[in-house]
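A.B. asks: Sequential numbering from 147 applies to the sequence shown in the numbering used here.
Glycine included, every Cβ here is placed at the ideal spot set by N, Cα and C.
Source: prediction; values computed, not measured.
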Amino acid sequence: MEYYKRIREIRIKNNETQQQLADLLETTQQAYLKYEKGINEMPIRRIIKLCNHYNLSADYILGLTDQPKPLK
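(1) May I have the straight-line CA-CA distance separating Ala204 from Ile194, to the nearest angstrom?
(2) From Tyr181 to Tyr150, what distance separates their C-alpha atoms?
(3) Just the C-alpha distance for Thr163 and Gln176, rounded to the nearest angstrom, thanks.
(4) Do the CB positions of Asn198 and Pro216 come within less than 8 Å of each other?
(5) In angstroms, rounded to a whole number, what distance separates the CA positions of Arg152 and Tyr206?
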């Protein structure tokens, strides 16, 4: 799964809005929307914030595995 699909799936599962994630990532809602649509690449610093926020491994968020693993 492409990571941009995964971040959307995780956001929806957690009942969060694009604006809430944009605020967390210190960006605009429009910029976050472009991450979810795969238009722009998400910087690693923002991926790290998502990992910490959701307590999920980067492998899962990046779509390298389908097994959600918590951070250790």
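C.D. replies: Taking the coordinates as given:
(1) Taking the sequence shown and counting its residues from 1, one reaches residue 204 at position 58. Taking the sequence shown and counting its residues from 1, one reaches residue 194 at position 48. Their Cα atoms are separated by approximately 7 Å.
(2) Counting from 1 along the sequence shown, the entry for residue 181 is found at position 35. Counting from 1 along the sequence shown, the entry for residue 150 is found at position 4. Rounded to whole angstroms, Tyr181 to Tyr150 spans 6 Å at the Cα level.
(3) The count along the sequence shown starts at 1 and reaches residue 163 at position 17. The count along the sequence shown starts at 1 and reaches residue 176 at position 30. C-alpha of Thr163 to C-alpha of Gln176: approximately 12 Å in a straight line.
(4) Position 52 of the sequence shown, counted from the start, is the residue given in the question as residue 198. Position 70 of the sequence shown, counted from the start, is the residue given in the question as residue 216. Against a cut-off of 8 Å, the Cβ pair of Pro216 and Asn198 comes out as no contact.
(5) Along the sequence shown, one-based indexing puts residue 152 at 6. Along the sequence shown, one-based indexing puts residue 206 at 60. The straight-line gap from Cα to Cα measures roughly 8 Å.
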